[in-house]
Amino acid sequence: MTTTSEPEQGIRKPGRPRSAQAHKAIIEATLELLAEEGYQGLSIEAVAARAGVGKTTIYRRWSSKEELVMEAIRHVQLDIPVIDTGNFRNDLAAILKTASQGIMAYPYPFLGKLVLKLLGEYQTNPEIFQGALTQLILPRFQRFFHMVEQAQARKEIRGDLDPELVMGLVAGSLYFHWIVMRHLLPTSSTSLADWIEQVIDAIMQGIATK
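Numbering (this note's numbering), first residue to last: 753 to 962.
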């Protein structure tokens with residue numbers, strides 16, 4: 753998982769900002785509250801209070817909370833590192849290390865909290881969920897698919913495998929560990945570095961060329 757520029761908190765000046773400043777303050781406040789409270793817990797009143805604007809300022813720009821949130825998601829700036837060591841196993845290790853450090857730290861960094869809250873909208877608000885997938889998840893998947901195709905071209909991993917399957921093995925392991933296992937087994941003696949090595953070993957056993 754990569755990181756995003758976390759909106760600054762507690763730095764807004766007194767008084768109501770104008771135009772572009774107001775727009776920026778509203779977007780930042782929306783993202784902060786989404787990460788803290790989730791979509792269901794977010795309100796226009798809370799956004800207005802944190803942004804230092806009136807509710808009418810928000811409603812002049814967005815007709816609903818959903819419209820505001822969808823635009824806020826589109827403003828998230830992703831820093832997706834280009835990882836290409838020339839070796840697929842090393843690429844996997846670098847990706848899992850970066851992602852794990854980004855989303856498994858406690859308390860969760862901004863992007864980790866935001867993604868977790870938005871993915872929770874799968875059943876209650878599929879449009880918000882889809883927006884999160886498109887803006888926050890898809891760019892990473894596209895980068896990973898290219899990495900898999902390069903590894904297949906180098907004959908490091910099986911050419912008959914769909915890149916989506918490989919992505920599922922890697923991302924599924926990471927998210928399940930992040931959301932479930934570390935809470936079920938909080939006292940596990942396995943270090944993050946060891947966990948990454950074990951996951952990579954298990955995945956490579958199935959996808960490496962023989």
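Even glycine gets a Cβ: it sits at the ideal position worked out from N, Cα and C.
Since we're looking at a predicted model, the values are computed, not measured.
Put simply, of 816, 872, 962 the residue whose alpha carbon is nearest the alpha carbon of residue 927 is 872. Under the rule that a run must span 3 or more residues, no beta strand (DSSP E) segment is found entirely inside the region 803 to 836.
Residue 802 has its alpha-carbon roughly 36 Å from the corresponding atom of residue 924. Cβ neighbours of residue 828 within its own chain (closer than 8 Å, five residues either side excluded): 756, 783, 863, 866, 887, 888. The region 839 to 848 and the region 809 to 826 do not touch, with fewer than 3 CB-CB distances between them shorter than 8 Å. In the DSSP assignment, residue 868 falls within the alpha helix (DSSP H) that extends over 862 to 871. Between the C-alpha atoms of residue 898 and residue 797 there is a straight-line separation of about 43 Å. Taking C-beta atoms under 8 Å as the contact rule, residue 786 and residue 824 qualify, at a distance of about 7 Å. A straight line joining the alpha-carbon of residue 879 with that of residue 815 spans about 16 Å. Classified as exposed, residue 890 has fewer than 16 neighbouring CB atoms from the shown chains inside 10 Å of its CB. In this structure, the straight-line span from the alpha carbon of residue 953 to that of residue 849 is close to 14 Å.
Where residue 880 is concerned, the enclosing alpha helix (DSSP H) starts and stops at 878 to 884. Annotation: the continuous alpha helix (DSSP H) that includes residue 782 extends over 771 to 793.
When the five nearest sequence neighbours on each side are left out, no beta carbon in the same chain lies closer than 8 Å to the beta carbon of residue 772.
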